[in-house]
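Right, one structure below, let's go through it.
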Amino acid sequence: MTKTIPAYQRIKNAILDNIHSGKWQAGSAISTEMALATEFGVSRMTVNRALKELSEERVLERRQGSGTFVAQQQFNHTFVEVRNIAEDLKSANRDYEAKVVSKRAVTASLLDDELRRKFGIEETTNTPDTTLDNRSDTPVLYEVKIIHVADGQPIQFEERWVDAKKVPEFIEQNFTVVNTSDYLVAKIPLESGSYTIRALAAPNEVADALQIAPQSPTLVLRRQTYSAGQVVTFVKMWHAGDRYQFSGEL
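The sequence shown begins at 1 in UniProt numbering and counts up one residue at a time.
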C-alpha cells in the first residue's frame, strides 16, 4: 500500500530533483510560487512552506522582489569530517585489506521501511507507470557490504547504501582499492551529517563477517550524510566489541 507524501514534500523533492539533474544550476531562478502552485495543484501557502524549508536548509535563496534562486554553494569540499578506517589503520602501521562481500543495485520494491524513510522513497505499486524514475525495475539505491581487515583480523563490517541517481557510478568502483567514503567525498559535496553509536548483539551475518560468535557484543556506528538537503548515503559500521573503541579529544 502506497503511503501518501505531503504536498509540500512532493514539491521539495521535485525542486531537489531539478537541482541534482542540472536543470536548475546554482544561481539560477526557479519557478515562481504561483507557477509551482498551478503545477502541483496546491495553494501558494503549501508552496511557500516547501520553499521556506529549502531556504533554511541552504538549498535555495529567497530574494525579496526578485524571486527564489538555487543557492551558490560556499564550499569546495566536505563540511563533514568522514573518518576513513583504511587511513586510520595504515597510520597505526597495521596491514590493511578490504574484502567486498557483496554489491548490488536495489529497486524500491526491495527496500525496508527504514531505508525508505532515510532516502524519502515511496513504496511501489502494481499500477503501470512508464516514467523512468517510477519503474519497478529502476535502481534507486546501491548497496555494498565490505569487511575491513587489520593484520588478518576483521575489524569492521560496513553496510552502505547510496542514492543511485546522485552517484550513478558508485557501484562500478573496485572497493578493494577505492575507499567508499573517499569516493563519495570526491564526487559530491557532503555538507552535513548525523550519527549514533549503539551496543548491539551481532546478528548471524555480522557475526560471520567479524568472525565472532552470534549475539556477541558489537559497537554499531550508524551515519547518514547529506548534500543539498537530501541523504546521499546511509551506512552501518559494525565493530567487534573487544577489538575496537571510539576516542577523540575535547
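Backbone N, C-alpha and C fix where the C-beta goes; we use that ideal spot for every residue, glycine too.
Query, Result
"Excluding the 5 residues flanking residue 139 on each side, which residues of the same chain have their C-beta closer than 7 Å to its C-beta?", "105, 106, 107 and 164"
"Going by alpha carbons, who is nearest to residue 117 out of 232, 244 and 240?", "232"
"So the candidates are 144, 155 and 24; which of them puts its Cα closest to the Cα of residue 170?", "144"
"Which of the three DSSP states is assigned to residue 155 in this structure?", "strand"
"I'd like the span of the beta strand (DSSP E) that includes residue 271, first residue to last.", "Because the chain spans 1 through 250 in this model, residue 271 falls outside it and cannot be assessed."
"Could you please give the first and the last residue of the uninterrupted alpha helix (DSSP H) stretch that includes residue 51?", "44-56"
"Can the beta-carbon of residue 201 be found closer than 8 Å to that of residue 216?", "yes"
"Between residue 159 and residue 34, what straight-line distance do the alpha-carbon atoms span, to the nearest angstrom?", "43 Å"
"For the candidate residues 43, 41, 19 and 234, whose alpha-carbon lies nearest to that of residue 184?", "234"
"Among 17, 18 and 58, which has the Cα closest to the Cα of residue 192?", "58"
"For residue 142, is the classification buried or exposed, using 16 other Cβ atoms within 10 angstroms of its Cβ as the cut-off for buried?", "buried"
"So the candidates are 36, 52, 181 and 221; which of them puts its Cα closest to the Cα of residue 162?", "181"
"Inspect the CB distances between the segment 38-54 and the segment 11-28 and report whether three or more fall short of 8 Å.", "yes"
"Can you tell me whether residue 45 is buried or exposed? The criterion is at least 16 other CB atoms within 10 Å of its CB, across all chains shown.", "exposed"
"In this structure, how does DSSP classify residue 187 when only helix, strand and coil are distinguished?", "helix"
"Do you know offhand how far residue 28's Cα is from residue 10's?", "21 Å"
"Using DSSP with H/G/I as helix, E/B as strand and the rest coil, what is residue 244?", "coil"
"Judging by CA-CA distance, which residue of 230, 227, 218 and 178 is the nearest neighbour of residue 245?", "218"
"Could you please give the first and the last residue of the uninterrupted alpha helix (DSSP H) stretch that includes residue 201?", "Looking at the DSSP string, residue 201 is not in any alpha helix (DSSP H); the run it does join, the beta strand (DSSP E), is 192-201."
"So, with DSSP's three-state summary, where would you put residue 105?", "strand"
"Assuming the contact rule is C-beta atoms closer than 8 Å, residue 99 and residue 50 should be a hit. Round their C-beta distance to whole Å, please.", "The Cβ separation is near 44 Å, so there is no contact."
"By alpha-carbon positions, which one of 157, 69 and 167 ends up nearest to residue 243?", "157"
"Assign residue 195 to buried or exposed, taking buried as 16 or more other Cβ atoms, counted over all protein chains shown, within 10 Å of its Cβ.", "exposed"
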